[in-house]
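Below is one structure, written out as structure tokens, with a few remarks after it.
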Amino acid sequence: MTTLLDYCSLIRSKNAGPFTLTFDFMCHDQAAYDALVATRFLNENLFATLYGADPDQILVVNHPFALAVKVSLPRPAVQGDPHDTDCYAGQQYAPLMDMEVAPA
Amino acid sequence: MTSAPRYDERHHLVELRILAPTGALGAGFDADAFARGLAARPDVIACDAGSTDSGPAALGSGTPKLSAQAVTRDLRLLLKARAELGVPLIIGSCGTSGRDVGVDQVASLTRALAAEEHLRFKLGLIYSDQPAQRLKDLYDMGRIRPLANAPEIDRELFERSHTVAMMGVEPLQEALRNGCDVILAGRASDTALFAALPQMRGADPGLTWHMAKTIECGAACAIPPSANGLLATVRDDHFDVTTLAAGTRLTPRSVAAHTLYENADPYHIAEPSGVLDTTEATYEPVDGRTVRVRGARYLPADGYTNKLEGAELVGYQTIVIGGVRDRVVIDALPKLLPTAERYFDAKILDVFDGEVDPADIDIDYRLYGAGAVLTGSEPDSLAPRELGVLITVTAPDQETAHAIATFVAHASSHLPIAEYDGLVSTLAYPYSPPETDRGALYRFTLNHVATGVTPTELFRTVIEEL
Chain A
1 MTTLLDYCSL IRSKNAGPFT LTFDFMCHDQ AAYDALVATR FLNENLFATL YGADPDQILV
61 VNHPFALAVK VSLPRPAVQG DPHDTDCYAG QQYAPLMDME VAPA
Chain B
1 MTSAPRYDER HHLVELRILA PTGALGAGFD ADAFARGLAA RPDVIACDAG STDSGPAALG
61 SGTPKLSAQA VTRDLRLLLK ARAELGVPLI IGSCGTSGRD VGVDQVASLT RALAAEEHLR
121 FKLGLIYSDQ PAQRLKDLYD MGRIRPLANA PEIDRELFER SHTVAMMGVE PLQEALRNGC
181 DVILAGRASD TALFAALPQM RGADPGLTWH MAKTIECGAA CAIPPSANGL LATVRDDHFD
241 VTTLAAGTRL TPRSVAAHTL YENADPYHIA EPSGVLDTTE ATYEPVDGRT VRVRGARYLP
301 ADGYTNKLEG AELVGYQTIV IGGVRDRVVI DALPKLLPTA ERYFDAKILD VFDGEVDPAD
361 IDIDYRLYGA GAVLTGSEPD SLAPRELGVL ITVTAPDQET AHAIATFVAH ASSHLPIAEY
421 DGLVSTLAYP YSPPETDRGA LYRFTLNHVA TGVTPTELFR TVIEEL
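See below:
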């Protein structure tokens, strides 16, 4: 079984300003990047389901120079709002890392 | 001493050097790395002193995130180096939020250091607080436009909240043209701090905005990432970026990847006057510490906009921290908490004799170990053997929050467990008393831009000779 973390040397989530949540998936190397992009695993519907966003508001960008895939979406809770639990959005990637990614 | 001219005989730009000594004023940087940057004879030294990334409290309260001691430590090195080289020092988003009070705090540290170190210079202070009436006028004219994921706003919001505008390069360039040696700016686009001088001297806007985006976090793009600095060298059709700390390196990939950092779209990065487009950018190694970058373009916008950031007071908070180890209590807790909430509503009416409306009080339980970090998006049950419990009471004033927290803490440690005959202590409290007053809670109110503005009209500059 291949997990998302197997493709990546770094998976992180961050704020892109207080209203946007952004994920970076940095692949190990060119082969891992090409393989991950080919699976289309990181798509709008996955993030819509996991983080409760409208698929139309989700941006998925492949960055071949950085060997990375980036996904940005509305923050589930605005940063610092009364029920936000992650001010820097730094742990929101955690459920993704062990997900199984079937090869393309 | 001044820098050597870097224009050819036909006044074309040959080279400009920009030193980013640290990711943030007060975060600290290695003196050796800084010295390496200074040895390259930069034309300008710049860094930011703030961000929204630590949350709405700094903007709401005006209290900076980093200590005056840490800021003074960095500022002393920067002011002395600037004086030796005779080049401008530009610091933006002073006091974390870039509020006027933040500029004044850093200005007062600067005056004290100038006196201590016998430094003389022209100081420019650029303020970015926005008066409520100006914002209401802009709102009435339809000139406050929402950005992506912006919250709903109303006209009265501006009276309740504190708002700053984020400046671009133009107010900084005006201060440079007025001969300021040290510029302490309120809220500013981080990139503007590094792009202001090169663009004034004729460097290509696409290259300079991309250069600025690359170095604005200090050596965050180095391997390993470092709090120390970067040096950028802008020439006619490329820029070089060099890491300064010993034992760090840069690769084309690590530099390219920095466009992803804390950014929604790595290829299109908005600035007040247009958009940096890095789609066609290329990155090549020069040596292990330097990467050469070309190809970014700058697409001017139809009209100038300044981003607005606002924060308002939500209430005051008292927190209680506890833990649970008994598996029966852990299982029972999710069912007991809704019951406790109803009990607290009745108790609030009773204790305050109807003077406090339970609807104005928020009592929030976060069960760490059972999915508190990923509220609502935890895919599977975590089946914890031990729970951390954080109880947060939010009320219109601190005294009320504290009073409510005392009986919430008491009741939470005596929850009725149906499986047991008699009373158990259901929460382990590490502290006596268990309640801690946290102070004010603020929320971000704006993700908007002011449209149809001139680049300098929302900002106020004061110049003084030290």
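Each protein sequence line maps, in turn, to chains A and B. Heads up, the final residue of the first sequence is numbered 104 in the UniProt record's numbering, and it's a clean run with no missing numbers. Heads up, the final residue of the second sequence is numbered 466 in the UniProt record's numbering, and it's a clean run with no missing numbers. Idealized CB from N, CA, C, for every residue including glycine. Every value quoted in this text rests on a predicted model; they were computed, and no experiment measured them.
Per DSSP, which residues does residue i bridge with? Please list them.
i               : result
N306 of chain B : B:A450
P285 of chain B : B:V291
I153 of chain B : Paired residues: none, contrary to the question.
Y127 of chain B : B:R460
E312 of chain B : B:S161 and B:R443
C47 of chain B  : B:I91
Y368 of chain B : B:G388
Q317 of chain B : B:T394 and B:G439
A167 of chain B : A small fix is needed here, since residue 167 of chain B is Met in this sequence, not Ala. DSSP, once it has assigned bridges, lists B:A188 as partnering M167 of chain B.
E271 of chain B : B:G274
G322 of chain B : B:V389
Between the beta-carbon of residue i and the beta-carbon of residue j, is there less than 7 Å?
i                      : j               : result
A104 of chain A        : L73 of chain A  : no
E435 of chain B        : V320 of chain B : yes
A185 of chain B        : G92 of chain B  : yes
S189 of chain B        : T445 of chain B : no
Q91 of chain A         : V293 of chain B : no
D48 of chain B         : A24 of chain B  : yes
D397 of chain B        : T318 of chain B : no
A196 of chain B        : L231 of chain B : no
residue 472 of chain B : I215 of chain B : Limits of chain B in this structure are 1 at one end and 466 at the other, which puts residue 472 of chain B out of reach.
R201 of chain B        : T243 of chain B : no
G303 of chain B        : G206 of chain B : no
T85 of chain A         : T375 of chain B : yes
A311 of chain B        : I417 of chain B : no
L336 of chain B        : L415 of chain B : yes
A403 of chain B        : I361 of chain B : no
From the options, pick the residue whose C-alpha is nearest to that of residue i; which is it?
i                      : options                           : result
residue 469 of chain B : B:D48, B:L78, B:V101 and B:A58    : Only positions 1 to 466 of chain B appear in this structure, which leaves residue 469 of chain B out of reach.
A33 of chain B         : B:N447, B:V389, B:T406 and B:A245 : B:A245
G315 of chain B        : B:I126, B:V393 and B:I45          : B:V393
L66 of chain B         : B:S97, B:R36 and B:I153           : B:S97
A359 of chain B        : B:V14, B:F344 and B:G371          : B:F344
L123 of chain B        : B:R73, B:G310, B:L109 and B:D129  : B:L109
A301 of chain B        : B:D277, B:M200, B:T290 and B:A311 : B:D277
E464 of chain B        : B:A112, B:L16, B:E117 and B:L125  : B:L125
R443 of chain B        : A:D81, A:L96, A:P95 and A:V71     : A:D81
T259 of chain B        : B:G274, B:T243, B:T282 and B:V328 : B:T282
L367 of chain B        : B:P384, B:I361, B:D380 and B:Y127 : B:P384
F121 of chain B        : B:S128, B:Q133, B:F158 and B:R82  : B:R82
L36 of chain A         : A:F19, A:A94, A:L5 and A:H83      : A:L5
F239 of chain B        : B:E386, B:P151, B:V291 and B:G354 : B:V291
State the Cα-Cα distance for the pair residue i and residue j, rounded to the nearest angstrom.
i                      : j               : result
T39 of chain A         : V101 of chain A : 8 Å
L176 of chain B        : P88 of chain B  : 8 Å
R155 of chain B        : K136 of chain B : 6 Å
R145 of chain B        : G102 of chain B : 26 Å
V60 of chain A         : V69 of chain A  : 7 Å
D24 of chain A         : R12 of chain A  : 5 Å
L10 of chain A         : N178 of chain B : 46 Å
V234 of chain B        : D265 of chain B : 24 Å
C27 of chain A         : F65 of chain A  : 11 Å
V408 of chain B        : T63 of chain B  : 30 Å
P430 of chain B        : G388 of chain B : 11 Å
T461 of chain B        : D104 of chain B : 12 Å
A346 of chain B        : A77 of chain A  : 29 Å
P272 of chain B        : L21 of chain A  : 22 Å
S425 of chain B        : Q79 of chain A  : 35 Å
I153 of chain B        : K307 of chain B : 15 Å
Y365 of chain B        : P334 of chain B : 10 Å
A405 of chain B        : A428 of chain B : 16 Å
D236 of chain B        : F194 of chain B : 17 Å
M211 of chain B        : V286 of chain B : 16 Å
P5 of chain B          : V44 of chain B  : With a pLDDT of 45 at P5 of chain B, under the threshold of 50, the modelled position of this residue cannot be trusted, and the question is left open.
T279 of chain B        : D34 of chain A  : 19 Å
Y88 of chain A         : A220 of chain B : 16 Å
Y298 of chain B        : D129 of chain B : 28 Å
V324 of chain B        : D380 of chain B : 21 Å
L466 of chain B        : L75 of chain B  : 15 Å
residue 499 of chain B : L390 of chain B : With chain B covering 1 to 466 only, the question about residue 499 of chain B has no answer from this structure.
A256 of chain B        : G50 of chain B  : 24 Å
I363 of chain B        : A440 of chain B : 15 Å
residue 472 of chain B : G218 of chain B : An answer regarding residue 472 of chain B cannot be provided, because it is not within the stretch 1 to 466 covered by chain B.
Against chain E, with Cβ distances strictly below 7 Å, would residue i count as a contact?
i               : result
V373 of chain B : Reference to chain E is not applicable here, since the protein chains of this structure are A and B.
Any chance you could list the beta strand (DSSP E) runs of at least 3 consecutive residues sitting entirely within the UniProt domain "DUF4387" (4 to 100) of chain A, in chain order? Runs of the beta strand (DSSP E) inside the UniProt domain "DUF4387" (4 to 100) of chain A: 8 to 15, 20 to 27, 59 to 63 and 68 to 74.
What are the start and end residues of each continuous beta strand (DSSP E) run of 3 or more residues lying completely inside the stretch 207 to 256 of chain B, in chain order? Qualifying beta strand (DSSP E) stretches, in chain order: 230 to 234 and 239 to 243.
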